[in-house]
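Take the sequence shown: its letter number 419 is residue 427 in my numbering, and every next letter is one higher. Even glycine gets a Cβ: it sits at the ideal position worked out from N, Cα and C. Below is one structure, written out as structure tokens; comments come after it.
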Amino acid sequence: MSVYLKHFGLKKEPFSIVPDSKFLYPSYRHRQAVAHLKYGLDREGGFIVLTGEVGTGKTTLTKTLIEHLPPNVRVGYILNSKLKESDLFASICKELSIRFRKNSNLSFSKQCTDAIYDDLLETHSQGLKTLIVIEEAQNLDDEILESLRLLSNLETSSNKLLHILLVGQPELIRKLEQNNLRQLNQRVVSRFHLLPLQNNEVKDYITYRLKQGGTNRELFGNRACKQIYRLTKGVPRLINLICHQALLGMYSENKHTASTELIREACKEALGAQITETTNKWLVNLSLLLASLIVLVIATKEKHELSFDSFINEESQNILEVDTADNEAINQSLDSEKNENKSINPSNSSVKSNPLKSLFLIWGFEVGDAFTNEEFENLASRFGLKLENETNILFKTIENLNRPGVVHLMDENSILSSSLLVEIGEESVVLMNGKSTNEMELDVFIQNWTGSFNYLWKPEPSITSLQLGDENQEGLSWLQDQLFKINSEREFLITGGRFTKAVYNEVIELQKKNNIEQDGIVGQQTLMLINQLTNTEIPTLIKESYR
């Protein structure tokens, strides 16, 4: 039992990594997974597949399902998937309490198969169902998977006799897609891919586990939870490891609230060098690269008539500020580089702010300078964003995109300047330059605007584009998650990973309601719309009062 329980008023350890159904956070995604598993069990036999990355909660979910099965379902639970065929069948017989007399004239696997078949016929006549669960199924050899398929063929004249639940990592998906396993893949009656928690779910997850542990105290504030998400990408097991270590840290320092600094230290203790070492090496290399670029720009600036004023801000020597744990020696090195660069360029104080940096800041990311669009695109990719660079775009399109962006304006003296467009009103727009903002009449803006627009948006990794008839299990799962957030009264659709007519109709209705092109395709514009409807932290241009 952990030493900190009494300190925080806890009765149980809230962040144990031992699977416990009482601590299963009932997120929409987990409820959706249970719906898929139950749907598979309601079908007459066949395979059910549950996949997910390491630590996403597959085992906890499976045990929860087993605990809540009706009494007419018996379960054989296989933890060790690295078995020979004969050993696997022997384990199934043991789990189902099947006994048989050995027959030297038959192979052991054949004896097991015959015994299982006889047992399934008997239990079926008693109105019982049989479920075999195999954990870490990605480790099963192709030959064993084929034997399991043959085992699943056991049937009466009208019914299959066996359900097999395969639980595994994403490698299992790729394994089942192999041509030699296509017959098994066609026997899958339900499948679900479990994704990590999203940013806005992490705090609720932590609060839920603390409550299950016996306390309603808010030990992890908003900033700490956001820090935990950045460090774990929403993987529950990693969240548990860091939170457990953070509770130990708070206990040792007699604190009751986790700071972001304490979370960083907890991450170091819990995960070792998994996160910090990669970051620090990248940080050093980037600092050296940018330092070289800065010297090059300063040395060549006077030789060219092109002004960098609108693209370089007064702290051009700074590099990316990252939120993961920093190395003290690296910080000292960067500080010395910063001081050297300041002394080289005495005109820093007069250099204007880079609007692209301000754009990143609006999205919540403070970045150092970059000198080309390609570098800014790489920075965007690092934060899970995409930078789009339009050179000739209609103002109406900007309104439809509804994202802040960098615009270029040409005044009456043909002087070009860059500003950040942050708001569109009925008769005016709001532009940001550095820390100041100014309002400009809409007609004047359109008259001076060159037609260029650089903006950020958040793509969904599992979806490039989705349209009627497409098959994308992970993408459809994400889409249904988002549609549920937009309309919590919608019915969950069993699609089998296919973009069905029912999903298409929902997308059309969403597009129609929000006045965007009604093509039924989940492309960039529809993804951007879904983002802003499901995430209040997404920055937008048009305020609700103007809509």
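Span of the alpha helix (DSSP H), counted from its first residue to its last, around residue i
{"i": "V42", "result": "Y36 to D50"}
{"i": "F116", "result": "F116 to S133"}
{"i": "S160", "result": "D150 to S160"}
{"i": "F384", "result": "N381 to R390"}
{"i": "L192", "result": "R190 to N193"}
{"i": "L417", "result": "First-last for L417: G413 to M418, but that is the beta strand (DSSP E), not the alpha helix (DSSP H)."}
{"i": "I181", "result": "E179 to L184"}
Assigned secondary structure, residue i (DSSP; H/G/I helix, E/B strand, else coil)
{"i": "I529", "result": "coil"}
{"i": "W371", "result": "coil"}
{"i": "S425", "result": "strand"}
{"i": "T223", "result": "coil"}
{"i": "V243", "result": "coil"}
{"i": "H171", "result": "strand"}
{"i": "V11", "result": "coil"}
{"i": "H264", "result": "coil"}
{"i": "K394", "result": "strand"}
{"i": "H76", "result": "coil"}
{"i": "I401", "result": "coil"}
{"i": "G84", "result": "strand"}
{"i": "V210", "result": "helix"}
{"i": "I100", "result": "helix"}
{"i": "I25", "result": "coil"}
{"i": "F228", "result": "strand"}
{"i": "I546", "result": "coil"}
{"i": "G176", "result": "strand"}
{"i": "I271", "result": "helix"}
{"i": "F432", "result": "The sequence shown places Ile at residue 432, not Phe. Strand, per DSSP."}
{"i": "L541", "result": "helix"}
{"i": "Q253", "result": "helix"}
{"i": "N335", "result": "Residue placement at N335 is flagged as unreliable, the pLDDT there being 39, under the threshold of 50; a coordinate-derived value is accordingly withheld."}
Reference residue i; option with closest CA among the options
{"i": "S507", "options": "T67, G528 and K168", "result": "One point to set straight first is that residue 507 is Phe, not Ser, in the sequence displayed. If we check each option's Cα against that of F507, G528 comes out closest."}
{"i": "L170", "options": "T131, V430 and S444", "result": "T131"}
{"i": "S260", "options": "V415, V11, G222 and L464", "result": "V11"}
{"i": "R39", "options": "H15, R51, L189 and K66", "result": "K66"}
{"i": "M418", "options": "N456, R245 and K404", "result": "N456"}
{"i": "I181", "options": "G53, G60 and E382", "result": "G60"}
{"i": "N560", "options": "Q253, S444, P178 and Q206", "result": "Look at the range of the chain in this structure, 9 to 555, and you will see that residue 560 is not part of it."}
{"i": "S425", "options": "P22, M440 and L192", "result": "M440"}
{"i": "Y85", "options": "K92, T240 and S105", "result": "S105"}
{"i": "L518", "options": "K118, S115, Q490 and I271", "result": "Q490"}
{"i": "L32", "options": "Q134, Q532, I214 and K520", "result": "I214"}
{"i": "T472", "options": "L429, Q533 and V437", "result": "Q533"}
{"i": "M536", "options": "V415, L279, L487 and V511", "result": "L487"}
{"i": "K90", "options": "T164, S133, C101 and I142", "result": "I142"}
{"i": "S460", "options": "K404, S366, E398 and V438", "result": "E398"}
{"i": "P363", "options": "V430, E163 and L402", "result": "V430"}
{"i": "S427", "options": "T458, L205 and N421", "result": "T458"}
{"i": "K30", "options": "L69, N446, L18 and H15", "result": "L69"}
{"i": "G109", "options": "E93, K46, D126 and L96", "result": "For the sequence presented, residue 109 should be read as Arg rather than Gly. Closest option to R109, Cα to Cα, is D126."}
{"i": "P244", "options": "L158, R37 and T64", "result": "T64"}
{"i": "E545", "options": "Y36, N208, S115 and G442", "result": "N208"}
{"i": "V196", "options": "Q206, V175, Y216 and I401", "result": "V175"}
{"i": "L18", "options": "E226, T121, G48 and L159", "result": "E226"}
Element boundaries [beta strand (DSSP E), containing residue i]
{"i": "K137", "result": "K137 to I142"}
{"i": "V1", "result": "The displayed coordinates of the chain run from 9 to 555. Any statement about residue 1 would go beyond what the structure contains."}
{"i": "R199", "result": "V196 to L202"}
{"i": "I56", "result": "G54 to G60"}
{"i": "L439", "result": "S436 to N441"}
Check: residue i C-beta below 7 Å from any heavy atom of the ligand NAD
{"i": "M448", "result": "In the structure on display, the ligand NAD does not appear, and there are no ligands present to speak of."}
Residue-chain proximity (residue i, chain C), Cβ-Cβ < 8 Å
{"i": "Q455", "result": "Going by chain labels, chain C is absent from the structure shown, which holds only one protein chain."}
> Does the count of Cβ pairs from the segment 444-461 and the segment 477-487 closer than 8 Å reach three?
Replying inline: no
> Along the chain, which unbroken stretches of the beta strand (DSSP E) at least 3 residues long are found entirely within the segment 445-522?
Replying inline: 461-465
> Using 8 Å as the Cβ pair cut-off and three pairs as the minimum, do the segment 197-214 and the segment 43-62 touch?
Replying inline: yes
> Would you call the segment 15-22 and the segment 246-266 touching, i.e. three or more CB-CB distances under 8 Å?
Replying inline: yes
>> Taking 8 Å as the cut-off, does the segment 369-387 touch the segment 497-506 (at least 3 CB pairs, one atom from each stretch)?
In response: no
> For the 8 Å Cβ check, are there 3 or more pairs between the segment 183-191 and the segment 62-78?
Replying inline: no
> Do the segment 524-540 and the segment 401-416 meet, that is, are 3 or more Cβ pairs less than 8 Å apart?
Replying inline: yes
> Contact between the segment 262-280 and the segment 229-240: three or more CB pairs below 8 Å?
Replying inline: yes
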